[in-house]
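Chains as they are written, first to last, in my numbering: chain E, 2 to 203; chain R, 2 to 203. Idealized CB from N, CA, C, for every residue including glycine. Written out below as structure tokens is the structure these notes cover.
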DNA sequence: CGATAATAACCAAGCGCTTGCTTGCTTAAT
DNA sequence: ATTAAGCAAGCAAGCGCTTGGTTATTATCG
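Structural data, given as structure tokens:
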């Protein structure tokens, strides 16, 4: 172990740096259009050096996806901890999800687009991570349906919800007319069928 | 002109064949992951021959996108022609859109993901085509808002709608438990806030 | 009408470059 | 002395695209 805590911990974990850079580039340009040289350069390495940390470019993608999903799941778990009202919990889920998607420098859920670039057995791993991510969502939707706040929590609903949220990564601009809070508000309003509080004074 | 109508018009337009094959492959594997050799092979040509019809791989993408959007717009125009009730028109818009997306062999709106693979000036062209495509949608949403069927037709709504519809190309399987009609039904129901007619007996 | 010129639509071959990845070596911390 | 972490250099394969020729169809003209 050469530098577990060098002098002023400047690079305690280059592996994580690689993952963050890779995730950002994969989202920006797509997996196939991103070269391993791009990734290396983004963290100040030479072209072959990332392969000391990762066996292949695909492994870089897989790890970035799993890390991103797991980080998002953790953020969500913290956000909804102790919140019993399903309506409020839905709002927090949406708001936190849009936060990871649009505010962080590593918008992980967008990487789900690139699942097709993985081998079949690798897909199973990220499918499992995605299932864990979806768990609190479906639970909340079920509660909302049980209490009559929405008509049904049947299959297409959750997928529609993720669709509209994830697609926003394609068009949302932070310097545009909408804040992330407003976005979350209208998304929830669309689902629950009442007017969006954040948008009512626009 | 060598074969304007050979014997039994077997290949009246190889250019269109190339476009269809390219569109399908671009959607399946992504633009960057699709090689011009793949496209050539898909129509039974040698690797260099597509460049007789198209100047570059990017031009192939641009033309495929515009063609797809224009075809979708035409399908929609036919579907909603003469329909005055905005509620019914929305349903037809959604149903037709999902049709081009999930049923046709050339699911054109999915290509919008690949806009980033184009040069800036090329993007303007497809942005114009996409605007034409969106026109009847926004008009219908405005009508629905004016008659109080939905709370607001403000900016995020149309984008959310396209998001949830387009994302369905990622998960929908024709052999799954849902028909396209059911999908369209629940999408419309989600927007209008009443129960989905196609799903009420599931 | 038949010979010839012109052209559309390709093929065969390959060029220059980029790609993911490997290999052997160096450096520095343990 | 061992080992984690990285560099320098490069290999083989694949990439988009070009070039020069080939074939079959069509237009032109005496």
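Residue i, buried or exposed, once every other Cβ within 10 Å from all chains shown has been counted against 16
{"i": "residue 17 of chain R", "result": "exposed"}
{"i": "residue 14 of chain E", "result": "exposed"}
{"i": "residue 205 of chain R", "result": "The requested residue 205 of chain R is not part of the displayed model; chain R covers only 2 to 203."}
{"i": "residue 188 of chain R", "result": "buried"}
{"i": "residue 57 of chain R", "result": "exposed"}
{"i": "residue 180 of chain E", "result": "exposed"}
{"i": "residue 169 of chain E", "result": "buried"}
{"i": "residue 104 of chain E", "result": "exposed"}
{"i": "residue 64 of chain R", "result": "buried"}
{"i": "residue 125 of chain R", "result": "exposed"}
{"i": "residue 210 of chain E", "result": "No answer is possible for residue 210 of chain E: the residues shown for chain E start at 2 and end at 203."}
{"i": "residue 37 of chain E", "result": "buried"}
{"i": "residue 19 of chain E", "result": "buried"}
Contacts around residue i, its chain only, beta-carbon distance under 8 Å, and the 5 residues preceding and following it disregarded
{"i": "residue 62 of chain E", "result": "23, 27, 32, 112, 115, 118, 119"}
{"i": "residue 47 of chain R", "result": "41"}
{"i": "residue 131 of chain E", "result": "70, 113"}
{"i": "residue 146 of chain E", "result": "152, 153, 154"}
{"i": "residue 59 of chain E", "result": "118, 119, 120, 123"}
{"i": "residue 139 of chain E", "result": "154, 159"}
{"i": "residue 157 of chain R", "result": "none"}
{"i": "residue 129 of chain R", "result": "none"}
Sequence-distant residues of its chain with Cβ nearer than 7 Å to residue i (five each side left out)
{"i": "residue 107 of chain E", "result": "21, 24, 25, 69"}
{"i": "residue 134 of chain E", "result": "70, 73, 74"}
{"i": "residue 137 of chain E", "result": "77, 81, 94"}
{"i": "residue 284 of chain E", "result": "In the structure displayed, chain E extends from 2 to 203; residue 284 of chain E sits before or after that span and is not available."}
{"i": "residue 162 of chain E", "result": "192"}
Integer-rounded CB distance, given that residue j should sit under 8 Å from residue i
{"i": "residue 93 of chain R", "j": "residue 80 of chain R", "result": "5 Å"}
{"i": "residue 51 of chain R", "j": "residue 40 of chain R", "result": "6 Å"}
{"i": "residue 110 of chain R", "j": "residue 73 of chain R", "result": "7 Å"}
{"i": "residue 87 of chain R", "j": "residue 144 of chain R", "result": "4 Å"}
{"i": "residue 102 of chain R", "j": "residue 166 of chain R", "result": "7 Å"}
Same chain only: Cβ atoms within 6 Å of residue i, ignoring 5 sequence neighbours per side
{"i": "residue 97 of chain R", "result": "76, 77, 80"}
{"i": "residue 185 of chain R", "result": "95, 96, 99"}
{"i": "residue 35 of chain E", "result": "26, 27"}
{"i": "residue 194 of chain E", "result": "none"}
{"i": "residue 55 of chain R", "result": "61"}
{"i": "residue 192 of chain R", "result": "none"}
{"i": "residue 83 of chain R", "result": "none"}
Self-check item: At least 3 beta-carbon pairs within less than 8 Å: the segment 149-156 of chain R vs the segment 169-180 of chain R
Solution: no
Exercise. Ignoring anything shorter than 4 residues or poking outside the segment 52-92 of chain E, list the alpha helix (DSSP H) runs there in chain order.
Key: 58-81
Self-check item: Secondary structure, alpha helix (DSSP H): runs of 4+ residues fully inside the segment 109-169 of chain R
Solution: 121-147
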